[in-house]
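Peer 1:
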Amino acid sequence: MFDNYQADGLFDEVFASEGHPRKHYSSLVSRLKGLGQGTFEKRRRMTDVLFRNQGITFTVYSDTRGVEKIFPFDLVPRIVPAAEWDLIERGLTQRITALNLFCQDIYHGQRILKERVIPPDLIYGAKMFRREMFGVNVPRDIYIHICGTDLIRDKDGAYYVLEDNGRTPSGVSYVLENRAVMKRVFPSLFSAYSVRAVEDYPFNLLQCLKHIAPHHADDPGIAILTPGIYNSAYFEHSFLARQMGVELVEGRDLVVDKGFLYMRTTAGLRRVDVLYRRVDDDFLDPLCFRSDSVLGVPGLMNAYRVGNLALANAVGTGVADDKAIYPFVPDMIKFYLGQETILPNVPTYICARDSDRKYVLEHLHELVVKSTNESGGYGMLMGHQSTKEEREQFAEKIAADPRNFIAQPIVQLSQHPSYVDDHFEGRRVDLRPYILYGQKVIVMPGGLTRVALRKGSLVVNSSQGGGSKDTWVLEEE
Amino acid sequence: MAVTSELSASDVAATTLITVPAMVKLERPMLSRDADGMYWMARYVERAEHTARLLLVNSNLLIDVGDLAEELQARQWQSLLSILHVPELPDGPDIEQRVRSHLAFNPENPNSIISCLTRARENARGIRENISAEMWENLNTLYWSTRADEAPLHLEESPDDLFRSVMTGSMLFQGLTDQTLNHDQRWLFTQLAKYLERTDVTCRIIQIKYDILKSNEQMFDGTLRNLYWMAVLRSCCSIEAYRRNYLGDMDPNRVAGFLILERNFPRSIRFSVSGALAAISAIRSSSRGNVIDPTERILGRLDTQLEYAELSEILTEGISNYLQRIQTAIHEAAIAVQQSYFLQ
Chain P
1 MFDNYQADGL FDEVFASEGH PRKHYSSLVS RLKGLGQGTF EKRRRMTDVL FRNQGITFTV
61 YSDTRGVEKI FPFDLVPRIV PAAEWDLIER GLTQRITALN LFCQDIYHGQ RILKERVIPP
121 DLIYGAKMFR REMFGVNVPR DIYIHICGTD LIRDKDGAYY VLEDNGRTPS GVSYVLENRA
181 VMKRVFPSLF SAYSVRAVED YPFNLLQCLK HIAPHHADDP GIAILTPGIY NSAYFEHSFL
241 ARQMGVELVE GRDLVVDKGF LYMRTTAGLR RVDVLYRRVD DDFLDPLCFR SDSVLGVPGL
301 MNAYRVGNLA LANAVGTGVA DDKAIYPFVP DMIKFYLGQE TILPNVPTYI CARDSDRKYV
361 LEHLHELVVK STNESGGYGM LMGHQSTKEE REQFAEKIAA DPRNFIAQPI VQLSQHPSYV
421 DDHFEGRRVD LRPYILYGQK VIVMPGGLTR VALRKGSLVV NSSQGGGSKD TWVLEEE
Chain L
478 MAVTSELSAS DVAATTLITV PAMVKLERPM LSRDADGMYW MARYVERAEH TARLLLVNSN
538 LLIDVGDLAE ELQARQWQSL LSILHVPELP DGPDIEQRVR SHLAFNPENP NSIISCLTRA
598 RENARGIREN ISAEMWENLN TLYWSTRADE APLHLEESPD DLFRSVMTGS MLFQGLTDQT
658 LNHDQRWLFT QLAKYLERTD VTCRIIQIKY DILKSNEQMF DGTLRNLYWM AVLRSCCSIE
718 AYRRNYLGDM DPNRVAGFLI LERNFPRSIR FSVSGALAAI SAIRSSSRGN VIDPTERILG
778 RLDTQLEYAE LSEILTEGIS NYLQRIQTAI HEAAIAVQQS YFLQ
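Here the protein sequences line up with chains P and L, keeping their order. Take 1 as the starting number for the first sequence in my numbering and just add one per residue. Take 478 as the starting number for the second sequence in my numbering and just add one per residue.
#1: State the start and end residues of the unbroken alpha helix (DSSP H) segment that holds Phe640(L).
#2: Here's the rule I'm using: 16 or more other beta-carbon atoms within 10 Å means buried, otherwise exposed. How should Leu820(L) be labelled?
#3: Using three-state DSSP, classify Asn615(L) as helix, strand or coil.
#4: Give the single residue among Ser232(P), Cys288(P), Asp282(P) and Leu309(P) whose Cα lies nearest to the Cα of Met263(P).
#5: Candidates Pro445(P), Asp48(P), Asp8(P) and Ile406(P): which alpha carbon is nearest Glu476(P)'s?
#6: Note the first and the last residue of the continuous alpha helix (DSSP H) segment covering Lys155(P).
#7: If we count the other Cβ atoms within 10 Å of its Cβ and call it buried at 16 or more, is Leu254(P) buried or exposed?
#8: Within its chain, find whatever has a CB closer than 7 angstroms to the CB of Leu736(L); leave out the 5 residues flanking it on each side and keep chain order.
#9: State buried or exposed for Ile812(L), treating a residue as buried only when at least 16 other CB atoms are found within 10 Å of its CB.
#10: Would you check if the segment 695-703 of chain L and the segment 749-761 of chain L touch, i.e. whether three or more CB-CB distances between them fall below 8 angstroms?
#11: Residues in its own chain within less than 7 angstroms of Ile608(L) by CB, not counting five upstream and five downstream?
#12: State the Cα-Cα distance for the pair Asp121(P) and Arg111(P), rounded to the nearest angstrom.
#13: Cβ of Val319(P) within 8 angstroms of Cβ of Ile96(P)?
#14: Is Asn535(L) closer than 8 angstroms to Leu557(L) when the C-beta atoms are compared?
#15: Going by the beta-carbon positions, is the gap between Lys671(L) and Ala525(L) smaller than 8 angstroms?
#16: Quick one: which residues of the segment 245-258 of chain P get their C-beta closer than 9 angstroms to a C-beta of chain L? List them in chain order.
#17: On the DSSP bridge assignment, give the partners of Glu163(P) in chain order.
#18: Under 8 angstroms: do the segment 82-91 of chain P and the segment 338-346 of chain P share three or more Cβ pairs, one atom per stretch?
#19: Do you know offhand how far Val814(L)'s Cα is from Arg403(P)'s?
#20: Identify whether Asp257(P) lies in helix, strand or coil by the three-state DSSP scheme.
#21: Using only the alpha-carbon positions, how far apart do Ile572(L) and Leu580(L) sit?
#22: Threshold first: 4 residues or longer. Then list the alpha helix (DSSP H) segments lying entirely within the segment 747-785 of chain L, N to C.
#23: For Thr93(P), which residues of its own chain have a beta-carbon under 7 angstroms away from its beta-carbon, when the five flanking residues on both sides are left out?
#24: Using a Cβ-Cβ cut-off of 8 angstroms, state whether Asn178(P) counts as contacting chain L.
#25: List the DSSP bridge partners of Thr471(P).
#26: Would you verify that the beta carbon of Ile486(P) is, or is not, closer than 8 angstroms to some beta carbon of chain L?
#27: According to the Cβ coordinates, are Gly466(P) and Arg450(P) closer than 8 angstroms?
#28: Gln815(L) touches chain P at which residues, Cβ-Cβ below 9 angstroms?
#29: Give me the Cα-Cα distance between Gln816(L) and Gln656(L), rounded to the nearest whole angstrom.
#30: Any chance you could list the beta strand (DSSP E) runs of at least 3 consecutive residues sitting entirely within the segment 10-61 of chain P, in chain order?
#31: Kindly indicate if chain P contains any beta-carbon less than 8 angstroms away from that of Gly752(L).
#32: Starting from Ile384(P), trace the beta strand (DSSP E) both ways and give me its first and last residue.
#33: What is the residue span of the beta strand (DSSP E) that Glu477(P) lies within?
#34: Is Ala143(P) helix, strand or coil by DSSP?
#35: Which bits of chain P does Trp517(L) rub up against, with CB to CB less than 8 angstroms?
#36: Give the straight-line distance between the Cα atoms of Val76(P) and Gly447(P), rounded to the nearest whole angstrom.
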């Protein structure tokens with residue numbers, strides 16, 4: 001099954017050199033070989049049926065009909081040894097702490113701007129900067145309660161942070177479902193390893209939400225706000241509501257009265273004190289943001305601003321995951337915490353800067369250009385795979401609105417064996433761990449390993465043909 | 478005024494205790510939208526089951542009676558359409574095949590099996606966090622089994638199997654609903670929906686079949702009449718229970734009486750109305766205390782009527798009329814539920 005397996009000059013997660021698995025993978029590889037192709041294929045079909053019957057799906061916007069798709073699941077788990085994880089955990093804790101201090105600062109004293117660490121025009125030019133939040137005190141000064149940070153590895157195997165998702169990161173439900181399915185289909189693979197559990201994530205999330213409840217609420221009403229069943233992450237919203245035992249609400253279930261938020265129930269109105277909202281800032285409150293939004297609740301921002309309602313994540317955190325502000329995260333860490341950055345950034349050119357833009361326009365063919373506020377792999381140019389026309393188009397776009405673009409050198413990403421037809425081939429992977437910031441910072445041991453299932457592709461997003469793997473973080477030996 | 482002024486302080490306290498029962502802890506209320514979803518999920522599953530059963534029973538009946546006059550055969554198939562409120566049928570030669578595929582797989586027909594299951598699942602998906610994993614998986618599996626590419630082919634080859642799998646799928650779903658869901662408001666709304674739907678369909682089955690028999694009395698001799706009424710009982714999943722009570726005597730009035738008035742049989746109209754009443758009473762008392770509920774009033778009156786009804790009186794009034802009145806009440810009850818609980 002591993003015959004003809006090629007590393008193609010990339011960092012391979014499993015094999016140190018041809019035919020020689022790394023220490024923490026050796027027992028998995030021998031077990032997989034022991035299973036044989038027939039058994040493996042049978043188990044693979046079993047997982048497909050499991051996913052479909054359990055309705056573990058996501059929605060693709062471009063399809064009009066048959067909108068639900070199964071998130072392709074790749075049966076070979078990714079293994080992260082304890083020492084590597086220790087570094088990741090420390091790095092992510094440091095990052096979320098600094099990002100929260102940054103949000104607090106930006107919406108209050110703006111010390112970081114006054115001391116010229118970050119150019120103010122970048123902040124004020126950020127689409128996701130919410131002036132409505134200026135001077136607003138959020139519960140316990142926490143802005144980013146839930147963060148999903150994307151990590152990648154370069155050719156030398158070093159981890160880099162590709163981006164921080166501090167608005168409404170999704171995918172955590174797949175981490176939990178992948179693990180559940182994996183245990184059902186391949187219980188024997190677990191026996192050789194002591195894998196750290198991820199199952200307490202919903203419990204930790206609930207604690208985190210309780211932690212920010214307003215003081216008036218002894219027994220806070222907690223709900224998840226979803227845009228509805230046609231949203232791509234609806235499965236996850238429903239999954240988390242189920243796991244935490246809280247209500248899943250839509251905008252039409254809610255109403256604001258005298259500065260408090262209520263939901264409509266069969267017994268009349270019931271107060272909501274904490275809302276884990278999976279609706280973007282723009283759509284939260286038609287009186288405050290987009291007036292055409294039907295997903296939100298008129299008056300919600302008022303309830304929030306006077307402190308009768310807690311939101312997770314806070315409004316305005318988008319300023320911290322703007323891609324043109326991302327290059328300053330190491331400076332934030334230094335500025336707020338006085339520490340050196342544990343997990344480095346990918347070098348980034350900010351097109352709003354004249355010198356950077358000049359370099360970017362001259363080197364489009366070897367850079368990745370990204371729009372600063374898009375996510376999900378939309379609005380990107382992969383320089384080395386692009387045509388001349390595409391590059392010209394992007395050059396025009398950059399010239400017209402430089403603040404909206406950044407560029408990065410192409411990081412190759414590490415690869416990991418995936419099951420393709422009847423054998424294993426290398427496919428690029430990244431890793432999105434989930435971090436909770438409540439009473440303390442909790443990094444979920446594991447995360448979503450996303451796989452670019454198309455050969456040679458570097459884009460792992462589910463909307464662009466990506467799949468996922470179970471991710472095993474090992475206990476200390 | 479005079480009455481109020483005569484009330485002592487302790488009387489006032491007692492009154493307050495009754496209207497706001499401090500000792501009875503009201504349940505955690507559910508979202509109106511979720512209640513709506515639970516209700517329609519259950520109703521559509523029940524409806525899919527009835528459609529499947531009617532199709533199955535009807536084709537078996539036609540096999541049994543052999544070459545029934547063509548006109549009567551067409552009439553038989555047509556009656557299914559009236560029972561299921563399907564106004565029109567696409568054109569084509571073979572009526573049996575047309576009715577079957579229209580009622581089973583036509584997505585344009587809102588009452589086809591596939592439409593019912595799709596809508597049941599859509600509702601379930603919207604309230605996924607309110608139902609158990611077992612219920613969801615069962616409903617989802619059932620849905621995919623009728624959506625698979627080979628399903629229409631399956632219908633051609635062995636329609637019985639397909640209809641049976643929908644029926645058992647629905648039964649399994651109801652069993653899982655009873656055994657894996659907390660019997661709180663969520664569950665109560667599924668019961669209310671199931672019994673309202675069952676009452677409604679059962680009324681129409683009896684009414685329409687009874688009319689066919691009455692208007693073609695000369696055609697139904699002994700054997701044919703027996704087969705025909707056995708099929709009606711089968712359509713209501715009641716043949717064995719009936720036989721145990723009446724030793725297989727297929728007297729039309731007796732069959733109708735059984736299906737309408739039998740106290741202990743879960744498919745009878747009387748039983749279903751009681752079930753719906755019990756559900757709405759429990760919903761009302763757990764969410765609003767002692768406030769009068771319009772749905773409960775309608776169903777309560779109906780339930781009492783059925784409790785004291787006599788078959789001879791029903792026959793004097795005319796079965797068709799009597800059933801029509803029940804259906805009207807059921808429709809009013811369904812609208813009242815909607816208004817008091819879903820459109821808050």
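Note that CB positions come from ideal geometry on N, CA and C, so glycine has one too. What you are looking at is a predicted structure, and each value in this text was computed from that prediction instead of being measured.
Peer 2: The relevant details are as follows:
#1: First-last of the alpha helix (DSSP H) with Phe640(L): Pro636 to Thr657.
#2: Label assigned to Leu820(L): exposed.
#3: helix
#4: Closest option to Met263(P), Cα to Cα, is Leu309(P).
#5: Pro445(P)
#6: Lys155(P) -> no alpha helix (DSSP H), and no H or E assigned at all.
#7: buried
#8: Thr679, Ile683, Cys713, Ser715, Ser745 and Ile746
#9: Exposed, since its Cβ has fewer than 16 Cβ neighbours within 10 Å.
#10: Cβ pair count under 8 angstroms is below three, so no.
#11: Ala601 and Leu658
#12: 15 angstroms
#13: no
#14: yes
#15: For Lys671(L) and Ala525(L), no; Cβs fall outside 8 angstroms.
#16: Gly245, Val246, Glu247, Leu248, Val249, Glu250, Arg252 and Asp253
#17: Asp150(P)
#18: yes
#19: If I take the Cα positions, the gap works out to 55 angstroms.
#20: Reduced to three states, the DSSP call for Asp257(P) is strand.
#21: Each residue's Cα considered, the two are about 12 angstroms apart.
#22: 771-785
#23: Val441 and Val443
#24: no
#25: For Thr471(P), which the question treats as bridged, DSSP gives the partners Arg78(P).
#26: The structure shown does not extend to residue 486(P), since chain P is modelled only from 1 to 477, so the question has no answer here.
#27: yes
#28: Under the 9 angstroms cutoff, chain P gives no residues; its nearest Cβ is about 12 angstroms from Gln815(L).
#29: 29 angstroms
#30: 15-17 and 57-59
#31: No Cβ of chain P is located within less than 8 angstroms of the beta carbon of Gly752(L).
#32: It should be noted that the sequence gives His, not Ile, for residue 384(P). Neither: His384(P) is in no beta strand (DSSP E) and is coded neither H nor E.
#33: It is not in any beta strand (DSSP E) - Glu477(P) carries neither H nor E in the DSSP assignment.
#34: The sequence given here places Tyr at residue 143(P); Ala does not occur at that position. Tyr143(P) falls in the coil class under three-state DSSP.
#35: Residues of chain P passing the Cβ test: none, with the nearest at roughly 14 angstroms.
#36: 15 angstroms
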